Ligand SMILES: [Mn+2]
Ligand SMILES: [Mn+2]
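Protein chains in written order, with this note's numbering: chain A, 1 to 464; chain B, 465 to 928.
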């Protein structure tokens with residue numbers, strides 16, 4: 001359970017990692033959609049949520065690594081606000097909920113920062129990603145808004161990554177509980193995967209389930225009969241018999257922990273033989289990666305194992321040829337899976353991606369690769385107990401990529417292009433679970449969403 | 465139907481209203497949620513949509529009022545983008561879809577603006593409301609990002625207001641068609657208004673219906689058993705028998721026109737006598753306002769007529785006393801309805817609120833009031849054929865406001881405080897329709913969502 005002590009302890013542990021300067025942890029303000037007062041769903045900054053836990057707009061936190069002081073800045077509601085908004089807790093009461101004793105009006109923040117700057121003290125902060133925080137932080141730090149992020153603190157980022165990578169019991173509990181909403185979303189999509197339904201209808205239903213379950217979607221839903229288009233947020237198609245519907249969708253829990261799952265269903269409820277063969281390779285790859293995931297192994301090793309499993313399956317179908325270890329070492333399989341096996345997940349669906357992907361997914365031991373495919377692996381470093389990562393292998397037939405490689409005969413020793421040509425209209429399949437690294441291995445969070453082809457077929461048919 | 469000519473004509477009409485300088489019409493970029501790449505649903509800027517019609521991120525339009533030139537700025541997708549995103553139209557093709565012959569890379573925009581500034585030409589723009597556009601426009605215009613909005617062009621705003629206030633046949637058609645989604649949302653909420661359901665579940669269902677119907681919600685949903693809290697986005701309550709559920713919710717059509725309706729339902733399907741009496745006053749007020757709405761009358765007059773109708777009903781119940789014309793003239797009724805009767809609606813739910821509310825809802829003839837209640841009326845000026853406005857009277861018992869007024873004996877001649885005290889736990893009722901000013905009067909857009917108390921009761925009961 002999340003308590004006052006959860007936040008007190010997190011700040012304490014952060015303070016044990018830095019000993020100079022002040023951390024400025026900016027909360028988010030409301031994001032305007034089409035005019036100032038018409039805002040998107042409020043989403044608090046994840047770093048602020050992690051250390052200060054308060055889920056409303058217009059707050060900022062300070063942690064002084066020298067004096068040990070912790071301060072919350074924000075404004076109390078006026079009597080007029082209360083007439084329109086109903087009774088509201090005072091800033092001081094909110095501060096106490098998360099164990100902070102010093103709270104001040106937001107206008108004081110500038111004085112405190114200016115004083116610290118005049119004393120030559122370092123202000124540590126993570127890179128802002130919203131325009132309004134860039135402007136606010138620029139004003140506080142005497143920097144041009146667009147340049148603030150260049151001054152972000154690597155030291156603070158490294159400390160936050162060290163803490164947030166290892167999920168606490170309360171976090172695991174929250175994430176696991178919310179998998180029920182993920183399950184409902186994906187089984188609903190399966191039940192709706194029938195000819196005549198539209199991608200837009202299904203997307204709407206899933207967004208509704210997410211919101212009814214407590215939170216907004218954790219990222220823009222991918223719901224497409226063109227699963228081979230990896231960055232695809234077009235929902236204009238109507239499903240037809242024989243299509244594969246790829247749904248990559250997740251939900252935020254009430255405390256803003258993300259789910260992220262992908263399933264691929266046969267529209268109408270029956271895979272063709274050709275579909276089932278490719279599908280089964282992806283299931284096998286997913287299971288193999290899950291079984292290999294454990295403390296002490298690097299996720300890059302798991303990724304490469306997955307790629308080899310996949311490549312072996314593709315070779316059996318005559319799509320690849322030659323030595324699969326060598327093919328994977330050279331990156332030939334990336335024609336079919338140009339992305340990585342997975343990423344950390346937590347308060348963000350790509351956890352801590354606002355910090356710096358290199359500092360989150362890599363370290364001195366495991367360095368990022370520049371090889372096409374492997375370069376897209378977000379998480380490569382050694383796994384530790386209570387990391388949570390996604391496991392999301394996929395096989396895609398991307399016409400533009402096939403044409404590009406074929407033209408130059410790229411990896412012609414490993415790829416059987418004539419056979420690949422006969423799959424050019426196949427589409428794509430991805431199967432993604434969220435997995436917890438345990439002390440001895442790993443396990444899927446929550447009840448597993450149907451993944452075996454016959455179970456998926458049955459779920460689709462049950463929605464007739 | 466919206467065609468290329470729709471946009472050509474709109475720009476032509478804008479050009480007929482200004483004869484000096486250049487309009488810079490910035491499209492929106494994606495809004496980051498919790499890290500740069502994790503974005504909210506893309507929402508194009510409404511002014512850009514109105515004149516340039518293109519619904520994707522990273523575009524800007526220029527209209528030269530002297531040379532008559534129209535230009536679109538944006539970047540083509542690279543081959544790498546196409547591998548990840550699928551085939552994409554070229555900027556030039558998109559430009560042609562809306563009748564623009566000159567299109568250039570986004571990087572050229574700065575040169576064009578700098579050249580115009582160096583020639584001393586005026587750059588007209590509407591006030592930015594998103595941080596990233598403030599930063600981008602600051603860089604283009606050599607202004608501090610936070611100061612850009614202070615330089616917005618009143619001349620351009622007035623011209624846009626003149627055009628956008630009068631809805632074209634294609635706009636009315638689009639708005640009317642999308643009322644089917646509004647109808648589905650509100651009747652679903654009614655059917656879900658049963659003890660044990662949560663506000664969050666209902667909100668989720670409505671968001672899902674909106675998205676399935678083609679677009680995001682047009683504003684954050686109000687779905688509350690505390691209808692008396694006017695700015696209420698808390699959805700943490702569970703419905704109980706006897707509660708009134710107030711739902712103020714709308715949806716964006718595929719072309720981003722908004723709906724905005726409010727209904728108030730008796731949880732479980734049966735109004736109490738006390739509830740029905742107040743409810744009936746609100747229905748009567750809504751109908752009276754609708755009947756009075758026509759070209760040539762000011763919406764301030766309709767607002768005041770509505771207030772008098774409401775006050776007369778409250779007097780019948782012993783909640784007000786004395787001369788109701790005088791009570792409304794002095795603003796005593798605002799204890800019960802502290803907001804205005806309605807606002808313009810179109811591409812924005814509060815149409816053009818990003819411009820300047822005074823220039824949208826008022827003019828030289830009708831000036832804004834500073835009287836509590838009337839000061840919250842967003843739209844006061846004379847109605848014209850094909851304006852679309854909301855009609856949203858409400859009666860609320862706001863404990864903090866009642867206490868505040870009672871303490872000072874405010875309007876004690878008009879308000880029967882002992883009687884009001886006995887309603888202090890009543891909550892609030894609002895009933896809102898979107899209405900089109902016709903040549904001879906007005907009509908509700910779309911099929912009217914059930915509003916008579918017995919129809920609402922029946923709809924609630926049908927969801928058992
Ligand atoms: Mn993922
Ligand atoms: Mn409204």
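We put the beta carbon where it would ideally sit given N, CA and C, even for glycine.
Fair warning: this is a prediction, and the values are worked out from it, not measured in the lab.
So, with DSSP's three-state summary, where would you put residue i?
i: residue 466(A); result: Since the first residue of chain A shown is 1 and the last is 464, residue 466(A) is not available in this structure.
i: residue 496(A); result: The structure shown does not extend to residue 496(A), since chain A is modelled only from 1 through 464, so no value can be given for it.
i: residue 687(B); result: strand
i: residue 767(B); result: helix
i: residue 410(A); result: coil
i: residue 722(B); result: strand
i: residue 642(B); result: helix
i: residue 10(A); result: helix
i: residue 451(A); result: coil
i: residue 923(B); result: helix
i: residue 110(A); result: helix
i: residue 422(A); result: coil
i: residue 682(B); result: coil
i: residue 16(A); result: coil
i: residue 362(A); result: coil
i: residue 516(B); result: helix
i: residue 893(B); result: strand
i: residue 938(B); result: Look at the range of chain B in this structure, 465 to 928, and you will see that residue 938(B) is not part of it.
i: residue 531(B); result: coil
i: residue 580(B); result: helix
i: residue 790(B); result: helix
i: residue 606(B); result: coil
i: residue 188(A); result: helix
i: residue 503(B); result: strand
i: residue 31(A); result: coil
So, under 8 Å CB-CB, residue i and residue j are touching, yes? Tell me the CB distance rounded to an integer number of Å.
i: residue 825(B); j: residue 843(B); result: 4 Å
i: residue 905(B); j: residue 758(B); result: 5 Å
i: residue 527(B); j: residue 475(B); result: 6 Å
i: residue 391(A); j: residue 432(A); result: 7 Å
i: residue 653(B); j: residue 666(B); result: 6 Å
i: residue 909(B); j: residue 639(B); result: 6 Å
i: residue 524(B); j: residue 482(B); result: At roughly 18 Å, the Cβ-Cβ gap does not stay under 8 Å, so residue 524(B) and residue 482(B) are not in contact.
i: residue 227(A); j: residue 448(A); result: About 20 Å separates the two Cβ atoms, so there is no contact after all.
i: residue 753(B); j: residue 857(B); result: 6 Å
i: residue 902(B); j: residue 86(A); result: About 39 Å; that fails the 8 Å criterion.
i: residue 402(A); j: residue 420(A); result: 6 Å
Can at least three beta-carbon pairs, one atom from the stretch 260 to 278 of chain A and one from the stretch 406 to 419 of chain A, be found at a separation below 8 Å? Touching, no.
If contact is defined by three or more beta carbon pairs under 8 Å, each pair taking one atom from either stretch, is the stretch 744 to 752 of chain B in contact with the stretch 670 to 687 of chain B? Verdict: no, contact absent.
So if I threshold CB-CB distances at 7 Å, which residues from the stretch 688 to 719 of chain B count as touching chain A? Taking 7 Å as the cut-off between beta carbons, the residues of the stretch 688 to 719 of chain B near chain A are 690, 693, 694, 695, 696, in sequence order.
Please name the residues in the stretch 172 to 203 of chain A whose beta-carbon is closer than 7 Å to at least one beta-carbon of chain B, in chain order. Hits within the stretch, in order: 200, 201, 203.
Is there contact between the stretch 557 to 565 of chain B and the stretch 541 to 548 of chain B, where contact requires at least three CB pairs shorter than 8 Å? At 8 Å Cβ cutoff, the stretches do not touch.
Relative to chain B, which residues along the stretch 15 to 37 of chain A have a C-beta separation below 8 Å, given in chain order? Of all residues in the stretch 15 to 37 of chain A, only 31, 32, 33, 34, 35, 36, 37 come within less than 8 Å of chain B when Cβ atoms are compared, listed by chain position.
If contact is defined by three or more beta carbon pairs under 8 Å, each pair taking one atom from either stretch, is the stretch 810 to 822 of chain B in contact with the stretch 31 to 43 of chain A? Between the stretch 31 to 43 of chain A and the stretch 810 to 822 of chain B, the count of Cβ pairs shorter than 8 Å is three or higher; the stretches touch.
Pairing CB atoms from the stretch 691 to 704 of chain B with CB atoms from the stretch 638 to 645 of chain B, are three or more of them under 8 Å? The answer is no - the stretch 638 to 645 of chain B does not touch the stretch 691 to 704 of chain B, with fewer than three Cβ pairs under 8 Å.
Any C-beta of chain A within less than 7 Å: which residues of the stretch 763 to 783 of chain B qualify? Answer in chain order: no residues at all.
Contacting positions in the stretch 347 to 359 of chain A - beta carbon closer than 9 Å to chain B: Correct list: 347, 348, 349, 350, 352, 353, 354, 355.
Tell me which residues of the stretch 574 to 605 of chain B have at least one Cβ-Cβ distance to chain A shorter than 7 Å, keeping chain order. For the stretch 574 to 605 of chain B, the set of residues with a beta-carbon nearer than 7 Å to any beta-carbon of chain A comprises 593, 594, 595, 596, 598, 599, in chain order.
Take every Cβ of the stretch 613 to 620 of chain B, pair it with every Cβ of the stretch 588 to 595 of chain B, and state whether three or more of those distances are shorter than 8 Å. Segment contact: the stretch 613 to 620 of chain B against the stretch 588 to 595 of chain B, three or more CB-CB distances shorter than 8 Å; contact assigned.
Closer than 8 Å between beta carbons: that is the criterion. Which residues of the stretch 859 to 889 of chain B meet it against chain A? Here the close residues are 862, 864, 865, 868.
Take every Cβ of the stretch 23 to 32 of chain A, pair it with every Cβ of the stretch 41 to 51 of chain A, and state whether three or more of those distances are shorter than 8 Å. The stretch 23 to 32 of chain A and the stretch 41 to 51 of chain A touch, with no fewer than 3 CB-CB distances between them shorter than 8 Å.
Can you confirm whether the stretch 411 to 431 of chain A touches the stretch 157 to 176 of chain A when touching is taken to mean that 3 or more C-beta pairs between the two stretches lie within less than 8 Å? These segments do not touch.
Are at least three pairs of beta-carbons, each pair with one atom in the stretch 216 to 227 of chain A and one in the stretch 240 to 255 of chain A, less than 8 Å apart? Cβ pair count under 8 Å is three or more, so yes.
Residues of the stretch 360 to 393 of chain A with Cβ closer than 7 Å to any Cβ of chain B, in chain order: Residues of the stretch 360 to 393 of chain A with a C-beta less than 7 Å from any C-beta of chain B: none at all.
At a Cβ cut of 9 Å, what residues of the stretch 536 to 557 of chain B count as close to chain A, listed as they run along the chain? The stretch 536 to 557 of chain B vs chain A, Cβ under 9 Å: 543, 545, 546, 547, 548, 549, 550, 551.
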